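K.L.:
Take the sequence shown: its letters are residues 12 to 402, numbered as in the numbering used here.
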Amino acid sequence: MPAASFNPLVSKLSPPPVPSVFAWGRAYDGECGPLIDLSQAVPGYPPHPDMLAWLAESAGSRAYAGYGPIEGETELRTAYATEQQAIYGANVTVDNIHITAGCNQAFIAAAMALAGNGDSVGLTEPFYFNQETTLGMLGIRRELLPLDPATGFVPTLEGVHAVLAKGVKAIALVSPNNPTGAIYPADLLRDIFEACRSAGAFLILDETYRDFLPGHEHPHDLLSVPGWEDNLILLYSFSKSFCIPGHRLGAITAGPRAVAEIAKVMDNLQICAPRAPQAAVARAIPALRDWREVNRAEILARAETLKSVMADLPAWKMDSIGAYFAFIRHPFDGQPSALIAEQLAKRAGILCIPGAYFGDSQQAYLRFAFANADSETIRGLTARLTNFILD
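(1) Taking the alpha-carbon positions, what's the residue 300 to residue 20 distance?
(2) I need the boundaries of the beta strand (DSSP E) containing residue 61, first residue and last residue.
(3) So does the region 343-353 actually touch the region 309-322, counting three or more Cβ pairs closer than 8 Å?
(4) Less than 6 Å between C-beta atoms, sequence neighbours within five positions excluded: which residues of the same chain meet that for residue 115?
(5) Could you check what DSSP says for residue 292 in three-state terms: helix, strand or coil?
(6) Buried or exposed for residue 12, going by 16 or more other Cβ atoms inside 10 Å?
(7) Quick check on the DSSP output: what are the complete beta strand (DSSP E) runs of length 3 or more inside the region 78-110, in order along the chain?
(8) Would the beta-carbon of residue 347 fall within 8 Å of that of residue 374?
(9) Taking only runs of the beta strand (DSSP E) that begin and end inside the region 278-358, which ones reach a length of at least 3 residues, in chain order?
(10) Could you check which residue in 284, 218, 385, 179 has the C-alpha nearest to that of residue 210?
(11) In angstroms, rounded to a whole number, what distance separates the CA positions of residue 74 and residue 89?
(12) Going along the chain, which unbroken runs of the beta strand (DSSP E) with 3 or more residues stay wholly within the region 104-171?
(13) Would you kindly report the start and end of the unbroken beta strand (DSSP E) that includes residue 244?
(14) Does DSSP put residue 181 in a helix, in a strand, or in coil?
(15) Write down the C-beta distance between residue 214 and residue 188 rounded to the nearest angstrom, noting that I regard them as a contact closer than 8 Å.
(16) Taking C-alpha atoms, which residue in 371, 372, 397, 326 lies nearest to residue 361?
(17) What is the C-beta distance between residue 132 and residue 119, in whole angstroms, given that I count them as a contact (C-beta under 8 Å)?
(18) Put residue 261 into one of helix, strand or coil per three-state DSSP.
(19) According to DSSP, simplified to helix, strand and coil, what is residue 48?
(20) Would you tell me roughly how many angstroms separate the C-alpha atoms of residue 175 and residue 206, rounded to the nearest one?
(21) Is residue 201 near the ligand SAH, going by C-beta to nearest heavy atom under 7 Å?
(22) Determine the direct distance from the alpha carbon of residue 137 to that of residue 92, and round the result to whole angstroms.
(23) Would you identify the three-state DSSP class for residue 385, choosing helix, strand or coil?
(24) If you check the beta carbons only, do residue 297 and residue 258 fall under 8 Å apart?
(25) Given 8 Å as the limit, is there contact between the region 50-58 and the region 246-258, that is, 3 or more CB pairs closer than that?
(26) Residue 146 to residue 240, Cα distance in whole Å?
(27) Output the boundary residues of the beta strand (DSSP E) element that contains residue 217.
(28) Can you tell me whether residue 87 is buried or exposed, with buried defined as 16 or more other CB within 10 angstroms of its CB?
(29) Could you tell me how far apart the beta carbons of residue 98 and residue 229 are, in whole angstroms, since I believe they sit closer than 8 Å?
(30) Give me the Cα-Cα distance between residue 370 and residue 71, rounded to the nearest whole angstrom.
(31) Which stretch, first to last residue, makes up the alpha helix (DSSP H) that contains residue 392?
(32) How big is the Cα-Cα spacing for residue 217 and residue 280?
(33) Compare the C-alpha of residue 125 against each of 148, 96, 247, 272 and name the closest.
(34) First and last residue of the alpha helix (DSSP H) that includes residue 379?
(35) Are the CB atoms of residue 379 and residue 337 nearer to each other than 8 Å?
(36) Taking residue 198 as part of the alpha helix (DSSP H), name the residues at either end of that continuous run.
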């Protein structure tokens with residue numbers, strides 16, 4: 012009798028990376044002090060007490076126990092559209108917003124609405140690993156746009172044109188970037204968007220870490236371009252800004268036609284995003300603006316602390332930093348990044364993600380998610396990295 016088999020598009024994928032890193036951390040004996048977790052991108056501080064109260068209130072409400080609108084609660088869509096108007100100075104309406112169960116779901120729903128088995132989508136390399144594996148399991152080919160550390164891991168327009176020439180349905184970018192932290196200039200984003208429009212392709216722009224940009228300038232003017240709805244999809248996560256990653260809540264900003272296509276996908280993925288967190292976040296968007304600003308300043312301070320730490324560790328080169336992440340070139344040439352990350356976890360009590368998880372050509376790097384740790388904890392890296400040697 013033949014054995015049952017699994018979908019080869021899924022079975023050929025590597026296991027999820029974060030659990031393996033956590034497993035290395037469980038083997039740490041504590042010799043160097045408490046574990047320093049720079050692995051998963053989660054806020055290193057708790058939600059606001061009002062947010063917890065609103066979550067409890069909405070979770071205990073009978074009104075949110077049933078199915079809700081596929082596109083999301085009107086209250087949250089309205090609140091988020093209003094915030095988009097303030098951030099971008101553009102006319103964004105409820106019809107442009109679709110709520111999802113986290114930003115990973117936003118990406119898979121958008122990808123499924125745009126491309127099918129055998130189509131192709133452009134990704135930068137290094138890439139965010141969940142986006143790369145999402146396309147892989149859908150049978151969507153990945154056309155990679157290599158990024159150069161010499162330019163701060165910012166894409167070039169020439170590279171974008173080369174990917175578009177391969178007939179991709181979309182190019183997906185993340186800014187501020189995961190894993191490098193790189194922030195893409197507004198003028199470059201406009202040029203890339205225009206290139207995508209000329210090629211008849213979509214630009215998918217993941218802005219999960221938008222709220223942690225330095226300064227108060229608009230990230231870009233793409234939502235002010237006439238006809239943007241035909242070729243632009245923005246992705247966002249409420250997890251980082253409101254410290255609620257366990258409640259899985261993200262958002263898509265797109266044209267009404269794209270929202271309608273994505274709703275078809277969402278009806279089969281989940282029907283609707285969790286309703287209780289939607290109700291809570293709809294209240295939190297206007298009410299917790301000042302609290303979010305304080306947290307943005309705190310994350311920027313942590314970035315400055317890491318910069319000062321790395322300046323004292325010349326063997327460990329910080330090639331890029333921004334928002335939540337730094338991309339660190341380790342000093343062990345030719346050694347696999349997974350081996351270095353494993354030994355850092357087990358022997359030095361430092362959890363980080365190997366660069367190879369973001370592309371085979373990234374073996375020289377480690378991703379430090381510095382937003383997880385306060386400045387005092389980050390300063391503890393100095394002694395541990397100074398004294399670290401490979402077995």
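A virtual CB, placed ideally from N, CA and C, is assigned to each residue, including glycine. Please read these numbers as outputs of a predicted model, since none were measured by experiment.
P.N.:
To lay it out plainly:
(1) Numbered from 1 along the sequence shown, position 289 holds the residue referred to as residue 300. Numbered from 1 along the sequence shown, position 9 holds the residue referred to as residue 20. Between residue 300 and residue 20, the C-alpha separation is close to 43 Å.
(2) Counting from one through the sequence shown, the residue named residue 61 turns up at place 50. Note, residue 61: premise wrong, no beta strand (DSSP E); alpha helix (DSSP H) at 60-70.
(3) no
(4) Here residue 115 corresponds to residue number 104 of the sequence shown, with the count starting at 1. Excluding sequence neighbours, residue 115 sits near 141.
(5) Position 281 of the sequence shown, counting from 1, holds the residue named residue 292. Looking at residue 292 - three-state DSSP - the assignment turns out to be helix.
(6) Taking the first residue of the sequence shown as position 1, residue 12 is located at position 1. Looking at its Cβ environment, which holds fewer than 16 other Cβ atoms inside 10 Å, residue 12 is exposed.
(7) none
(8) For the purposes of this step, residue 347 is taken as the residue at position 336 of the sequence shown. For the purposes of this step, residue 374 is taken as the residue at position 363 of the sequence shown. Cβ atoms of residue 347 and residue 374: closer than 8 Å.
(9) 328-333, 336-340
(10) In the sequence shown, counting from the first residue as 1, residue 210 sits at position 199. Considering only alpha carbons, the answer is 179.
(11) If you number the sequence shown from 1, residue 74 lands on position 63. If you number the sequence shown from 1, residue 89 lands on position 78. Rounded to the nearest angstrom, the two C-alpha atoms are 19 Å apart.
(12) 108-111, 131-136, 152-157
(13) Counting from one through the sequence shown, the residue named residue 244 turns up at place 233. First-last of the beta strand (DSSP E) with residue 244: 243-248.
(14) Numbered from its first residue, the sequence shown carries residue 181 at position 170. Strand at residue 181.
(15) Position 203 of the sequence shown, counted from the first residue, corresponds to residue 214. Position 177 of the sequence shown, counted from the first residue, corresponds to residue 188. That belief does not hold up - the Cβ atoms of residue 214 and residue 188 are roughly 15 Å apart, past 8 Å.
(16) Locating residue 361 in the sequence shown gives position 350, counting from the first residue. It is 397 whose Cα lies nearest to the Cα of residue 361.
(17) As a working note, residue 132 is residue 121 in the sequence shown. As a working note, residue 119 is residue 108 in the sequence shown. Between residue 119 and residue 132 the Cβ distance is about 12 Å, and since that is not below 8 Å, they are no contact.
(18) Looking up residue 261 in the sequence shown gives position 250. Residue 261 falls in the strand class under three-state DSSP.
(19) Position 37 of the sequence shown, counting from 1, holds the residue named residue 48. Residue 48 falls in the strand class under three-state DSSP.
(20) Along the sequence shown, read from residue 1 onward, the residue named residue 175 stands at position 164. Along the sequence shown, read from residue 1 onward, the residue named residue 206 stands at position 195. Spanning the two alpha carbons is a distance of roughly 8 Å.
(21) Ligands displayed in this structure: none; no statement on the ligand SAH is therefore possible.
(22) By one-based count along the sequence shown, residue 92 stands at place 81. By one-based count along the sequence shown, residue 137 stands at place 126. Taking the straight line from one Cα to the other gives about 31 Å.
(23) For this step, residue 385 is matched to residue 374 along the sequence shown. In the structure shown, residue 385 sits in coil (DSSP, three-state: anything other than H, G, I, E or B).
(24) Position 286 of the sequence shown, counting from 1, holds the residue named residue 297. Position 247 of the sequence shown, counting from 1, holds the residue named residue 258. Contact flag unset, no.
(25) yes
(26) Counted from its first residue, the sequence shown places residue 146 at position 135. Counted from its first residue, the sequence shown places residue 240 at position 229. Residue 146 and residue 240: Cα-Cα distance of roughly 23 Å.
(27) As a working mapping, residue 217 is identified with position 206 in the sequence shown. That run of the beta strand (DSSP E) goes 213-217.
(28) Residue 87 sits at position 76 when you count from the first residue of the sequence shown. The residue is buried, with at least 16 neighbouring Cβ atoms inside 10 Å.
(29) Here residue 98 is taken as the residue at index 87 of the sequence shown, counted from 1. Here residue 229 is taken as the residue at index 218 of the sequence shown, counted from 1. Right, the Cβ-Cβ distance comes to about 7 Å (below 8 Å), so this counts as a contact.
(30) The residue given as residue 370 occupies position 359 in the sequence shown. The residue given as residue 71 occupies position 60 in the sequence shown. Approximately 44 Å, taken between the alpha carbons.
(31) Counting from 1 along the sequence shown, the entry for residue 392 is found at position 381. From DSSP, the alpha helix (DSSP H) with residue 392 extends over 392-397.
(32) Translated into positions along the sequence shown, residue 217 becomes position 206. Translated into positions along the sequence shown, residue 280 becomes position 269. About 20 Å.
(33) Locating residue 125 in the sequence shown gives position 114, where the first residue counts as 1. Checking every option, the nearest Cα to that of residue 125 belongs to 272.
(34) Mapped onto the sequence shown, residue 379 falls at position 368. Unbroken run through residue 379 is the beta strand (DSSP E), 376-380; no alpha helix (DSSP H).
(35) The residue you call residue 379 lines up with position 368 of the sequence shown. The residue you call residue 337 lines up with position 326 of the sequence shown. Going by C-beta atoms, residue 379 is nearer than 8 Å to residue 337.
(36) Stepping through the sequence shown from its first residue, residue 198 is reached at position 187. Looking at the DSSP string, the run of the alpha helix (DSSP H) that includes residue 198 is 197-210.
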